[in-house]
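Residue numbers (my numbering): 197 to 277.
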């Protein structure tokens with residue numbers, strides 16, 4: 197019997213996913229990374245920023261841009277552009 201892996205990663209597991217992303221950053225998979233912003237919802241909401249360009253404004257912009265990307269995908273679902 198051959199076992200086939202359907203999912204390479206389980207993105208529901210936060211810590212392994214963050215380690216994978218860190219490995220990919222170190223490997224250069226995302227190019228030159230200037231800012232990383234992470235919003236973490238545990239017992240309370242925490243926001244982290246890292247990178248050479250990681251001030252509060254750039255972290256907020258990165259998070260907003262990510263939200264815009266998700267919203268645009270929903271708005272344009274099924275629409276040819």
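Yeah, the Cβ is synthetic: ideal placement off N, Cα and C, and Gly gets one too.
Small disclaimer: the values here were computed from a predicted structure and weren't measured.
Worksheet item: Apart from the five residues on each side of it in sequence, which residues of its chain come closer than 7 Å, Cβ to Cβ, to residue 242?
Response: 236
Fill in: Cβ separation of residue 255 and residue 245, assumed to be a contact under 8 Å, to the nearest whole Å
4 Å
Discussion item. Tell me which residues share the same chain as residue 218 and place their Cβ nearer than 8 Å to its Cβ, disregarding the 5 neighbours each side in the sequence.
Written reply: none
Practice prompt. Just grab the DSSP bridge partners of residue 243 for me.
Written response: 235
Worksheet item: Does DSSP put residue 254 in a helix, a strand or coil?
Response: helix
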